[in-house]
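One structure is given here, and the rest of the page talks about it.
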């Protein structure tokens with residue numbers, strides 16, 4: 001399959017309207033040429049009418065014509081044109097010539113002024129004619145009589161058409177050459193205009209796969225700037241994906257070493273001679289290490305996915321935040337009851353936010369998980385949904401040890417563990433995931449002291465339209 005050629009497309013897009021304009025101009029040129037031919041040939045008609053008029057006289061009550069044949073010879077030409085004439089009285093009686101020659105269309109005899117020459121087109125015996133008609137009085141002085149007569153001369157239009165065609169062909173030749181010249185200039189101009197695009201293509205092809213530098217738009221034509229910007233955005237997304245991939249592998253290798261070492265140690269202990277009575281204890285430790293490794297992998301995958309989506313438009317749908325938060329809270333209720341924790345939900349307003357339900361649900365789950373882990377047994381945790389102007393507000397409040405103010409920025413860093421939580425099992429990824437999900441939804445996360453002690457984690461998200 002042939003690839004589309006931009007030069008050819010531009011040339012065709014230009015050629016079609018040019019041909020249309022050429023056809024319109026040809027028609028207009030032909031009409032102007034016919035008008036010019038009428039002007040030139042009508043002068044000959046007028047001269048012939050005046051010459052014939054000199055030979056018309058009234059004698060003893062009868063109209064006589066001394067027809068000067070020299071006048072008719074003025075119309076003879078090599079193109080085979082035919083001449084028709086008629087001299088008739090105003091009452092319709094033909095004196096000489098072709099008696100059925102047509103009068104001016106739609107005119108009564110009395111409507112034409114005396115001595116006024118009328119030119120008109122007519123069809124006679126199947127041929128198109130150009131007619132000239134002159135209405136004038138003739139007098140017989142001795143008998144004091146006068147009559148009104150018509151002098152009419154017509155010729156076929158072959159000569160006029162030949163002249164118009166000659167003018168048209170000359171015009172078409174010039175304009176056709178101009179069209180060809182214009183297309184040639186456009187062809188060369190498009191080729192020259194494509195040079196920056198060809199240079200850009202060569203620059204992109206010459207780049208190495210690990211080159212993170214964006215393309216320079218300074219020397220590019222303004223028409224190419226959107227393309228270069230899109231390429232730079234793609235380069236940025238690719239680089240972020242590569243960084244996220246490398247970071248994921250590095251984080252996974254680093255964080256999985258500890259639980260895998262615990263698994264190995266537990267298995268080795270269980271296999272030692274004399275450890276049979278304590279196998280269940282070792283298996284419980286192995287199970288805990290496996291759960292820890294699984295959670296680390298799950299959270300690392302979540303962060304990797306969020307890193308890969310960074311800078312890209314996320315497809316959002318209306319999400320009822322109050323319903324989603326209630327559902328996630330109910331899902332975590334068994335875990336809270338197992339630790340004798342009072343986990344409650346408060347619903348102050350119905351709030352819809354644009355977002356992805358899976359990510360928002362994961363964010364709420366991480367907040368509740370963190371609160372359960374770090375607030376301690378028999379704690380009180382409240383999940384509250386409210387509305388603050390044009391923003392939805394999600395609060396997770398606990399009465400645990402809280403986070404010192406000087407550590408609140410650091411806890412959002414990956415794998416950071418607060419000074420008060422070193423003895424608690426965890427990965428240090430929960431709040432990092434919460435912040436990334438909030439960022440994807442154009443929201444933010446803040447930490448504050450709870451009334452009476454503890455911590456309030458607040459997520460604000462823009463509400464839907």
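In the numbering used here, the protein residues as written are 1 to 465. Ideal Cβ placement from N, Cα and C applies to all residues, glycine included. Every value quoted in this text rests on a predicted model; they were computed, and no experiment measured them.
Cross-strand partners of residue 88 (DSSP beta bridge):
BP columns for residue 88 point to 94 and 150.
Should residue 43 go down as buried or exposed, given a rule of 16 or more other Cβ atoms within 10 Å for buried?
Residue 43 comes out exposed.
Residue of 16, 5 and 213 minimising C-alpha distance to residue 240
The shortest Cα separation from residue 240 among 16, 5 and 213 belongs to 213.
For residue 374, which beta-bridge partners are listed by DSSP?
In the DSSP assignment, residue 374 forms no beta bridge with any residue.
Between which residues of its own chain and residue 101 is the CB-CB distance below 7 Å, once the five residues before and five after are set aside?
So the qualifying residues of the chain are 84, 86, 124, 152 and 154.
Sequence-distant residues of its chain with Cβ nearer than 7 Å to residue 164 (five each side left out):
Correct list, in chain order: 30, 33, 34 and 37.
Cβ contact check for the stretch 398-406 and the stretch 319-334: 3 or more pairs under 8 Å
No, because fewer than three Cβ pairs between the stretch 398-406 and the stretch 319-334 fall closer than 8 Å, the two stretches do not touch.
What's the gap between the Cα of residue 54 and the Cα of residue 39?
Cα-Cα distance, rounded: 23 Å.
Counting pairs of beta carbons, one from the stretch 172-191 and one from the stretch 215-233, are three or more of them closer than 8 Å?
These segments do not touch.
Secondary structure of residue 347, DSSP reduced to three states:
Three-state result, residue 347: strand.
Determine the direct distance from the alpha carbon of residue 373 to that of residue 356, and round the result to whole angstroms.
Take the alpha-carbon of residue 356 and the one of residue 373: they are about 26 Å apart.
Whose C-beta lies closer than 7 Å to the C-beta of residue 183 among residues of the same chain, with five residues either side of it excluded?
Close CB contacts of residue 183 within its chain, under the 7 Å cut and outside five residues either way in sequence, are with 11, 14 and 15 (chain order).
Limits of the unbroken alpha helix (DSSP H) element including residue 391:
Per DSSP, residue 391 belongs to no alpha helix (DSSP H); it is in the beta strand (DSSP E), 391-398.
Rounding to the nearest angstrom, what Cα-Cα distance links residue 360 and residue 230 in this structure?
Cα to Cα, residue 360 sits roughly 29 Å from residue 230.
Over the uninterrupted alpha helix (DSSP H) stretch that includes residue 436, give me the two end residues.
Segment 430-440, the alpha helix (DSSP H) holding residue 436.
Proximal residues to residue 435 (C-beta, below 6 Å), its chain only, five neighbours per side dropped:
Taken in chain order, the residues that qualify are 412 and 445.
Can you check whether the CB of residue 352 is closer than 7 Å to the CB of residue 380?
Taking 7 Å as the Cβ cut-off, residue 380 and residue 352 do not qualify as a contacting pair.
Run through DSSP, which three-state label would residue 202 get?
Helix, per DSSP.
In the DSSP output, what is residue 117 paired with across the bridge?
Residue 117 has 134 as its beta-bridge partners, per DSSP.
From the DSSP output, read off the bridge partner residues of residue 155.
For residue 155, the beta-bridge partners assigned by DSSP are 83 and 130.
Identify whether residue 316 lies in helix, strand or coil by the three-state DSSP scheme.
Coil at residue 316, not helix or strand.
Can you give me the C-alpha to C-alpha distance between residue 173 and residue 27, rounded to a whole angstrom?
Within the model, the alpha-carbon separation for residue 173 versus residue 27 is close to 14 Å.
Among 377, 397 and 376, the one whose alpha carbon lies nearest that of residue 383
Looking at 377, 397 and 376, the one whose alpha-carbon comes closest to that of residue 383 is 397.
C-alpha distance - residue 136 paired with residue 158, whole-angstrom precision:
For residue 136 and residue 158, the distance between alpha carbons rounds to 29 Å.
Starting from the Cα of residue 378, find the closest Cα among 167, 58, 437 and 337 and give me that residue.
Nearest C-alpha to residue 378: 337.
Can you tell which of 145, 81, 139 and 150 has its C-alpha closest to the C-alpha of residue 127?
For the residues 145, 81, 139 and 150, the minimum Cα distance to residue 127 belongs to 81.
Which of the three DSSP states, helix, strand or coil, is assigned to residue 31?
Residue 31 falls in the helix class under three-state DSSP.
What does a CB cutoff of less than 8 Å around residue 499 pick up in its chain, not counting 5 residues either side in sequence?
Nothing about residue 499 can be read from this structure; the chain reaches only from 1 to 465.
Pairwise C-alpha distance: residue 19 and residue 180
When rounded, the distance between both Cα atoms is 11 Å.
In the DSSP assignment, find the beta strand (DSSP E) that holds residue 67 and state where it starts and stops.
Premise fails: residue 67 is in no beta strand (DSSP E) and is neither H nor E.
Option in 147, 117 and 122 with minimal Cα separation from residue 133:
Among 147, 117 and 122, the Cα nearest to that of residue 133 belongs to 117.
Just list the residues that DSSP pairs residue 409 with in beta bridges.
Partner(s): none; residue 409 has no beta bridge.
Nearest neighbour of residue 25, chosen from 316, 354, 365 and 167 [CA to CA]:
Out of 316, 354, 365 and 167, 167 has the C-alpha closest to the C-alpha of residue 25.
In or out: residue 160 buried (at least 16 other Cβ within 10 Å) or exposed?
Burial check for residue 160: the Cβ neighbour count within 10 Å reaches 16 or more, so the residue is buried.
Residue 228, DSSP secondary structure in three states
If DSSP states are grouped into helix, strand and coil, residue 228 belongs with the helices.
Distance, residue 169 Cα to residue 96 Cα:
When rounded, the separation of the alpha-carbon atoms in residue 96 and residue 169 is 40 Å.
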